[in-house]
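To start, the structure itself, in structure tokens.
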DNA sequence: CAGCTTTTTGAATACGTATGCAAAAACGCT
DNA sequence: AGCGTTTTTGCATACGTATTCAAAAAGCTG
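Protein chains in written order, with my numbering: chain A, 60 to 386; chain B, 60 to 386.
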């Protein structure tokens, strides 16, 4: 960084003051056509770029947004990250990536977010404990939970209409003539799990059906175990709804390995519509999130000076059923 | 950010000077046990964290490292990103995520990297043109190409021993009794493609075999197309080596959909060992990158004040063959 | 305890930029 | 040309921290 080109040097070359150089690079400042041209030429020649550190220091605001991820277990998230970075870039923000080892945001991660006074935080694949939520509130850092809800945290949530989607899936399966049902879930406490379970079982009940519920943890391996278990214990049902596509693959593979045919012997539905769902070994019926709109809304909430600091609400957005070969 | 707690406030509360507060938070500065305690107490009480903007401004160096990704097409990269963030966090660095739309780093991305004067850049899934490389050099920003080589760019590269690995794969297939071979490649110009192609065909030639070469672009879809093409044109060989696992899945699925059995009728090998390769529909034999060591070396090169600015060399690290069910 | 060395401390300064303020320039109008 | 108005410009300052320098405090030795 010792090689830094400063606004002063540009000013000297252009024959103007540092203030003028600054104004050229500050949106909404008034500069004459002529000096703007001189400054831009000089800046180009020297390869000048405003120093973000000095800029953020003086303006007292950051052009960084923190993106908190847990892992890469589910390809759904990298995809959403891409959307976020693209949208934020358009608005002039850069992305500070926080990758937590644990489910929980760690102190060191919070430190990073606070040290850079990020303009906002998107929590994508980790949970925010009350403690974390308090921390964010205390320091007035706008935060949005993406694809998850933490009741009582007071943080904004942007999520898919999980409950209604699960109801739709239940109706679909009933419509296909299924009469016995299994739900394979995710980590206990995860809002996606809770909401989808609720919608699915309630809708089934409404139509007079029960539902077998199996525990899981959002992984392929857990899906496979559950699938195998279903067969080996002889408790296979007409239909299986998995809380995520990733788990559905595991279930499908366990079925396939044991000679069970989908959809002839059992209908299978997932959730997320990640890329592999359209691959031929799966060709999975699933429910697609409105990722674009979820991302847009998240950013809107985050960057709105009023709404961002209001008490958090939960925003559910409708997605769409994708019918493929497993139903 | 209006709510910023400053070192001055901490100093006042602790009854010391701002300098002392700074020293407590600066590694390697000398402070007495007593004042350190006073300062830490006050800092804790106020929730003080050093402002990174002021800090980077005065020290003239950044604790940000840029991570440049293109997309999420290949699950290999998100996985490597995780490793990078974890390792960098240990060393006190945070990650600025740059997600380019295009194959090429765009000006806006470069701007961001320069505005933050990042301590280094890891280019993971995009290519650096000469122009980009020049830019990075001009501004003395250390850069490492991860899993790719751009000859003549003068940038450091950290890559898997592609050529030798491909040779090993060729020998494996020959050892399995294969006598005709197909290589399904990636985007033309991609170093992984070029190196793996070279190693594979050369080793085959050494043993007196030829090799059919098919074009690709690293995607599942291209793999599928190639697999279908192989069958339908009647040019199926004893063995197929795909430049990445992702392409191998496509090929496998095209075979499966057409009743061709792997490995009985054709042996199939991929490259990368991403998670899905161990899933039961694929159970793919492949070659695993030494990702941990690649990441460690990349960071070492990046942060070493001497080596980082030397002329770039190419570092090839050996991985390991993973034998599964497709060979 | 004097005299010396070492450690710790605070005052002052600089990093590169944005911005309030007042001066200067440009413009509009009679 | 002269005056009032608007636009543009430069000066000076502040953001929050690390660091130099000199002064003060603390150790050490005999």
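For each residue, glycine too, the CB sits at the ideal point set by N, CA and C.
Note that this is a predicted model, so its numbers are computed, not measured.
- Straight-line measurement puts the Cα of residue 144/A at about 36 Å from the Cα of residue 83/B.
- Sequence-distant partners of residue 245/B (beyond 5 residues in either direction) whose C-beta falls short of 8 Å from its own C-beta, in its chain, are 251, 252, 275, 276, 277, 302, 303, 306.
- Residue 235/A and residue 325/A have their C-alpha atoms spaced approximately 11 Å apart.
- The shortest CA-to-CA distance from residue 149/A to any of 372/A, 358/A, 371/A is the one to 358/A.
- Contact between the segment 209 to 222 of chain B and the segment 371 to 378 of chain B is present: three or more C-beta pairs spanning the two stretches fall below 8 Å.
- For residue 312/A, the number of other beta carbons within 10 angstroms of its own is at least 16, and it is reported as buried.
- Residues are counted here when their Cβ sits less than 8 Å from a Cβ of chain A; for the segment 186 to 204 of chain B these are 197, 198, 199, given in chain order.
- Pairing residue 133/B with residue 223/A, the inter-Cα distance amounts to about 32 Å.
- In its chain, beyond the 5 residues on either side, 75, 79 have a beta carbon closer than 7 Å to the beta carbon of residue 94/B.
- The way I'd put it, the segment 259 to 272 of chain A doesn't touch the segment 122 to 129 of chain A; fewer than three beta-carbon pairs between them come closer than 8 Å.
- Taking residue 111/A as the centre and dropping the five residues before and after it, the same chain places the C-beta of 122 closer than 8 Å to its C-beta, in chain order.
- Counting the other Cβ atoms within 10 Å of the Cβ of residue 88/A gives fewer than 16, which makes it exposed.
- In terms of beta-carbon proximity, residue 322/B stays away from the interface with chain A, with every pair separated by 8 Å or more.
- Residue-level contact check: residue 276/B does not touch chain A, since none of the beta carbons of chain A fall below 8 Å from its beta carbon.
- Here residue 258/B is not near residue 207/B, since their CB atoms are 8 Å or more apart.
- Along the length of the segment 203 to 274 of chain A, whole alpha helix (DSSP H) runs at least 4 residues long occupy 221 to 234, 250 to 265, reported in chain order.
- Boundaries of the alpha helix (DSSP H) around residue 118/A: 111 to 118.
- Here DSSP, grouped into helix, strand and coil, assigns residue 75/B to coil.
- Interface with chain A (8 Å Cβ-Cβ cutoff): residue 304/B is excluded.
- With contacts defined as CB atoms closer than 8 Å, residue 183/B and residue 158/B fail to qualify as a contacting pair.
- Within chain A, the C-beta atoms nearer than 8 Å to that of residue 167/B come from 148, in chain order.
- For the C-beta of residue 144/B, the chain A residues within less than 8 Å are, from N- to C-terminus, 156, 157, 158.
- Using a Cβ-Cβ cut-off of 8 Å, residue 108/B is close to 170, 173, 174 of chain A, given in chain order.
- Residue burial is scored here from C-beta neighbours: residue 292/B has fewer than 16 other C-beta atoms within 10 angstroms and is therefore classed as exposed.
- Non-local beta-carbon contacts of residue 285/A in its own chain, meaning distances under 7 Å to residues more than five positions away in sequence, involve 243, 273, 275, 310 in chain order.
- Close to residue 312/B, with beta-carbon spacing below 8 Å, are these residues of chain A in chain order: 338, 339, 340.
- Residue contact with chain B for residue 301/A: absent (no Cβ-Cβ distance below 8 Å to any residue of chain B).
- Bounds of the beta strand (DSSP E) holding residue 300/A are 298 to 301.
- For residue 166/A, the number of other beta carbons within 10 angstroms of its own is below 16, and it is reported as exposed.
- Within its own chain, the residues whose Cβ lies closer than 7 Å to the Cβ of residue 354/A, once the five positions on either side in sequence are excluded, are 139, 142, 143, 146, listed in chain order.
- Going by beta carbons, residue 248/B and residue 367/B fall outside the 8 Å limit.
- Look at residue 375/A: its C-beta is not under 8 Å from any C-beta on chain B.
- Within the same chain, 173 come within 7 Å of residue 198/B by CB-CB distance, once the 5 residues on both sides are set aside.
- Rounded to the nearest angstrom, the Cβ distance from residue 365/A to residue 327/A is 45 Å, too far for a contact under 8 Å.
- Counting the other Cβ atoms within 10 Å of the Cβ of residue 96/A gives fewer than 16, which makes it exposed.
- Between residue 177/B and residue 203/B, the C-beta gap is not smaller than 8 Å, which leaves the two residues out of contact.
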